[in-house]
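A.B. asks: Would you mind keeping the following structure in view while I ask a few things?
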Amino acid sequence: MNDTRGPGSPAGTGEGRDPDSTLLARAARGEAAAFDRLVRKHTPRMYRVALRLTGSAAEAEDVVQEAWLSAWRAMPGFRGEAAVSTWLYRVVTNTALASLRRRAPTVSLDAAMGHGGGGDDPGGTLFGKGALSDPHANPEGKVVRAEQVGAVLHAIGQLELSQRVPLVLKELEALSYEEVAQVLAVSVPALRARLHRARVALLARLGTRL
Amino acid sequence: MTAGGEPLEDPRWEWVRAAALAPVATPRGLVDRVLFSVRGRSGRGIADPVLLRQDGGTLHVGERAVVALALRAARAAAARIGGIGVSAAAMAGDGVDLLVTVHYGTRAAEAARRLRVDVTAALTAQFGTAAPPVSVHITDLRPGS
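In order, the protein sequence lines correspond to chains W and Y. Numbering follows the working numbering, with no gaps: position 85 of the first sequence is 74. Numbering follows the working numbering, with no gaps: position 128 of the second sequence is 602.
Below you can see the structure in the form of structure tokens.
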């Protein structure tokens, strides 16, 4: 594992020129170096979203690869109506949703998150293989922090997708309401209402674990 | 949270903020595997056509189509076989390269053989006898489930 980093502020907030749009335009014209830079810059963020949505490291890797293939195909049609980072959030979110819907009939979320026992989890889970860690905490603090973070992520993983996705994008990725609304193609008022329900549902689930 | 309270003011929301700050490690080599899948080992670009020789002519198929099909077939086959995971697929020369990880305890050679056979069958079903050959590269080992 390398390239550890927490959620950074999303690139391209709509203020001023999105520097990625130039890279994307060059990549769409076939400039390999420009595409490389986009991949290197955005893959950690896309992986983080995929991991938090799917709860499985292996599935998240698959999602990121499929998302980049989709992005590559769609690049010529990118019209710059959203920041490139927002557009990539949309691509990876939709790819993760498609993956989750494909596996839904056969794999329970509990099994995928490592709490159901007996699940086939070839790539490890969010909590079981050190995907999340706080390298700066003391040992006791690490344990407490890991338990809290684990409880939150497990509870988020149990939310229905319509609540989980906006919660991950807004609360974990720190996107603005406007950016999340763009990613999900919903209005900001509708998003706010959905997020409120998701937050209440999350706390309710946290309450049952304490 | 009390009934009707504001979730963001609930003390437990600090846990959510902690979760947001928790670093997430990007898997080693993921960026390279993405680039490998998108560009192919040759670096020539996934938009370039793959030429498949047939009786009486040549079939042109977009490289991205071949790679996407191979990747999907490989992941489905790996799920059936067990003990093996597919990291990436790409065109290499006239064939398809699959990068795979094998779990400890899995008979790697047999799993790789079955994967190659299954993916070859899937590609043959699509492209007939002109389907590109499939090579499997074991790139990593990981603990089993």
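The beta-carbon is built from N, C-alpha and C at its ideal position, and this holds for glycine as well. Remember, predicted model here, so these are calculated numbers, not experimental data.
For a cutoff of 7 Å on Cβ pairs, would you count Gly579(Y) as touching chain W?
C.D. replies: Gly579(Y) does not count as touching chain W.
A.B. asks: Going by beta-carbon coordinates alone, are Ser10(W) and Gly69(W) separated by less than 7 Å?
C.D. replies: In contact: Ser10(W) and Gly69(W) (Cβ atoms closer than 7 Å).
A.B. asks: So the beta strand (DSSP E) Ser561(Y) belongs to, where does it begin and stop?
C.D. replies: Element bounds for Ser561(Y): 558 to 566.
A.B. asks: Helix, strand or coil: which one does DSSP assign to Thr580(Y)?
C.D. replies: In this structure, Thr580(Y) counts as coil in the three-state DSSP scheme.
A.B. asks: If you draw a straight line from the alpha carbon of Leu191(W) to that of Ala179(W), how long is it in whole angstroms?
C.D. replies: Between Leu191(W) and Ala179(W), the C-alpha separation is close to 18 Å.
A.B. asks: Opposite Arg188(W) in the DSSP bridges: which residues?
C.D. replies: Answer by DSSP bridge pairing: none, since Arg188(W) is not bridged.
A.B. asks: Counting pairs of beta carbons, one from the region 575 to 588 of chain Y and one from the region 555 to 567 of chain Y, are three or more of them closer than 8 Å?
C.D. replies: The region 575 to 588 of chain Y, when compared against the region 555 to 567 of chain Y, does touch it at the 8 Å Cβ threshold.
A.B. asks: How many Å lie between Val38(W) and Glu55(W) at the Cα?
C.D. replies: So the alpha carbons of these two residues sit roughly 14 Å apart.
A.B. asks: Quick one: is Leu32(W) near chain Y, going by C-beta distance under 7 Å?
C.D. replies: This sequence places Thr at residue 32(W); Leu is not what is there. So, interface residue.
A.B. asks: I'd like to know whether the C-beta of Arg186(W) is nearer than 7 Å to at least one C-beta of chain Y.
C.D. replies: By this cut-off, Arg186(W) is not an interface position.
A.B. asks: Between Asp614(Y) and chain W, is any beta-carbon pair separated by less than 7 Å?
C.D. replies: For Asp614(Y), the answer is no, since every Cβ of chain W falls outside 7 Å of its Cβ.
A.B. asks: For the beta strand (DSSP E) holding Thr532(Y), just list the boundary residues, first then last.
C.D. replies: Where Thr532(Y) is concerned, the enclosing beta strand (DSSP E) stretches over 531 to 536.
A.B. asks: Using beta-carbon positions only, say whether Gly567(Y) and Pro607(Y) come within less than 7 Å of one another.
C.D. replies: No; because the gap between Cβ atoms is not below 7 Å, this pair is not in contact.
A.B. asks: I'd like the list of long-range same chain contacts for Arg183(W), defined as Cβ closer than 6 Å, with 5 residues on each side in sequence excluded.
C.D. replies: Pro155.
A.B. asks: Kindly indicate which residue of Ser609(Y), Arg513(Y), Ala605(Y) has the alpha-carbon position closest to the one of Asp529(Y).
C.D. replies: When each option's Cα is compared against that of Asp529(Y), the closest is Ala605(Y).
A.B. asks: Is it the case that the Cβ atoms of Phe510(Y) and Ala564(Y) are separated by a distance below 7 Å?
C.D. replies: Yes.
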